[in-house]
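What follows is a set of notes on a single structure, which appears directly below.
Chains as they are written, first to last, in the numbering used here: chain A, 276 to 407; chain B, 2 to 391.
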């Protein structure tokens, strides 16, 4: 089962729920998920939190038929790399008909349940995407 | 820096080995390699062992000490043993660390080994364990699987370059054809393009026959300074280059999803160190954890232009007898992929070929061979070049 302990999920909860990442005011690059060091400027970087619009497009995708543990009831599901309009890319699911997915398709974010640690465990929420 | 040679090799039969444990198979590989090199236990200076996840697969850490103990090298000889981990590149990295140790002059005789016991847990638990080689917090939690990540590479490769499912399937067909002639291979059966395309879809466009299997197995090689290698064997195989490169842990952070920049960089560094170019290489073992991975590998290492790997494969250039034979062992696909052992098995295959001992899968006149071992979806790449000539 792909799960996480409560503190591990909780400490990045705000970033997951609100698509908050990092902006380096030194080089101008944007990062999601958030980083503590700019990979380009390294120690010369100046980082601030940045809330992404969540608008982007599908860079590539797959339709998963053999699920990760804990995702069995969701098959077939669309897993994609979404390129956000500000620059960075992230991995998420696209909600919609798998047959209608296309590389380059415009998408927008939605707040959704990601999974659950067993019947009585924590419910994970986060950002998935839908076609515009 | 001293030149380093491989003086002994042994790979166990790969497969689902229900009747033996991790300590059984690594001991079999280690003792086999020592016998092949005619080295005694007293001569061993150090053991390096690649193992991705004893913790997840058999709930056993401290694998180095365990191996030294069960090989009879701990209690009286107290031989130092170190586990090396870089996910599926753990074996290649153990070899590289062993080469460092001998080249530096700090150690003389070093055992570089790799082992993984993957079938003691269910297939789905094994898949979850393997998923830990990707970014657990930002890929895994979203429902990413390893086939899913490589499927996204394949999808974009097809979109950008016109690579087809049939071309992907050709990789599996070719590697199974090679596996038939490898006595240690997990699968020794012929398959057709249709068999691959009709097999169940795991993550579109990858079918189950586009994926390497879950495997138990171990491999070991014995390293020695080149100056004393002839004391042990008539056919030492010399290490001409060892290189390693890193890239982002998550696939989504890569410069280009269809290129493993770690492979590109490790390849360049290895060619520079060996003062060789791709057309000097007689055969290569690449990391075909999925069929698309072999296509990316031959492109990224410079054997064919980016985007042309599918066509190159379809034309038969990577088969034994082709321009550049790729994965004569059967590769990860047919020989099997006990993750920590794979990088060592690749080296053992090249040594067997360069010695001229590869039987029906022998590449005629093989003088120089290369190995390419990848961790995760490409966050680590380890490349080695070997030669008959010093």
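Using N, Cα and C, we set each Cβ at its ideal position, and we do this for glycine too.
Computed from a predicted structure; not experimentally measured.
Cβ shell of residue i (< 8 Å), same chain only, five flanking positions each side left out
| i | result |
| --- | --- |
| residue 267 of chain B | 244, 245, 246, 373, 382, 383 and 384 |
| residue 26 of chain B | 13, 18, 116, 118, 217, 218 and 219 |
| residue 388 of chain A | 398, 399 and 400 |
| residue 340 of chain A | 350 and 351 |
Cβ-based neighbour list, residue i, same chain, cut-off 6 Å, excluding 5 preceding and 5 following
| i | result |
| --- | --- |
| residue 282 of chain B | 369 and 371 |
| residue 404 of chain A | 357, 367, 369, 382 and 384 |
| residue 75 of chain B | 69 |
| residue 367 of chain B | 283, 284, 354 and 355 |
| residue 380 of chain B | 248 and 250 |
CB contact flag (residue i, residue j, <8 Å)
| i | j | result |
| --- | --- | --- |
| residue 356 of chain A | residue 324 of chain A | no |
| residue 365 of chain A | residue 307 of chain A | yes |
| residue 116 of chain B | residue 348 of chain B | no |
| residue 86 of chain B | residue 52 of chain B | yes |
| residue 58 of chain B | residue 336 of chain B | no |
| residue 10 of chain B | residue 285 of chain B | no |
| residue 8 of chain B | residue 233 of chain B | yes |
| residue 141 of chain B | residue 343 of chain A | yes |
| residue 396 of chain A | residue 345 of chain A | no |
| residue 299 of chain B | residue 169 of chain B | no |
| residue 284 of chain A | residue 399 of chain A | yes |
| residue 103 of chain B | residue 223 of chain B | no |
Assigned exposure category for residue i - 16 Cβ within 10 Å defines buried
| i | result |
| --- | --- |
| residue 282 of chain A | exposed |
| residue 62 of chain B | exposed |
| residue 143 of chain B | buried |
| residue 344 of chain B | buried |
| residue 110 of chain B | buried |
| residue 365 of chain B | exposed |
| residue 159 of chain B | buried |
Where residue i meets chain B, residues with beta-carbon distance less than 8 Å
| i | result |
| --- | --- |
| residue 365 of chain A | 139 and 253 |
| residue 308 of chain A | 138 and 139 |
| residue 287 of chain A | 138 |
| residue 389 of chain A | 142, 143 and 144 |
| residue 340 of chain A | 201, 202, 203, 204 and 205 |
Within chain B, the residues that residue i reaches when beta carbons sit closer than 7 Å
| i | result |
| --- | --- |
| residue 337 of chain A | 149, 152, 153, 156, 204 and 205 |
| residue 322 of chain A | Residues of chain B passing the Cβ test: none, with the nearest at roughly 16 Å. |
Proximal chain A residues relative to residue i, where beta-carbon distance stays under 7 Å
| i | result |
| --- | --- |
| residue 173 of chain B | Under the 7 Å cutoff, chain A gives no residues; its nearest Cβ is about 17 Å from residue 173 of chain B. |
Closer than 8 Å at the beta carbon, the chain A residues around residue i
| i | result |
| --- | --- |
| residue 145 of chain B | 343, 354 and 366 |
| residue 160 of chain B | 335 and 378 |
| residue 378 of chain B | Neighbours of residue 378 of chain B on chain A: none; closest Cβ ~11 Å, over 8 Å. |
Interface residues of chain B facing residue i [CB-CB closer than 9 Å]
| i | result |
| --- | --- |
| residue 399 of chain A | 142 |
| residue 349 of chain A | 144 |
Rounded C-alpha distance that separates residue i from residue j
| i | j | result |
| --- | --- | --- |
| residue 398 of chain B | residue 176 of chain B | Any answer about residue 398 of chain B is impossible in this case: the structure gives chain B only from 2 up to 391. |
| residue 131 of chain B | residue 147 of chain B | 7 Å |
| residue 280 of chain B | residue 241 of chain B | 15 Å |
| residue 155 of chain B | residue 315 of chain B | 16 Å |
| residue 321 of chain B | residue 21 of chain B | 33 Å |
| residue 108 of chain B | residue 2 of chain B | 12 Å |
| residue 253 of chain B | residue 184 of chain B | 39 Å |
| residue 32 of chain B | residue 50 of chain B | 14 Å |
| residue 275 of chain B | residue 379 of chain A | 42 Å |
| residue 392 of chain A | residue 305 of chain A | 32 Å |
Same chain, Cβ closer than 7 Å to residue i, neighbours up to 5 away in sequence not counted
| i | result |
| --- | --- |
| residue 338 of chain A | 351, 353 and 373 |
| residue 204 of chain B | 146, 148, 149 and 152 |
| residue 191 of chain B | 177, 178 and 181 |
| residue 362 of chain B | 179, 182, 183, 321 and 329 |
| residue 84 of chain B | 50, 52, 64 and 65 |
Where residue i meets chain A, residues with beta-carbon distance less than 9 Å
| i | result |
| --- | --- |
| residue 292 of chain B | Residues of chain A passing the Cβ test: none, with the nearest at roughly 14 Å. |
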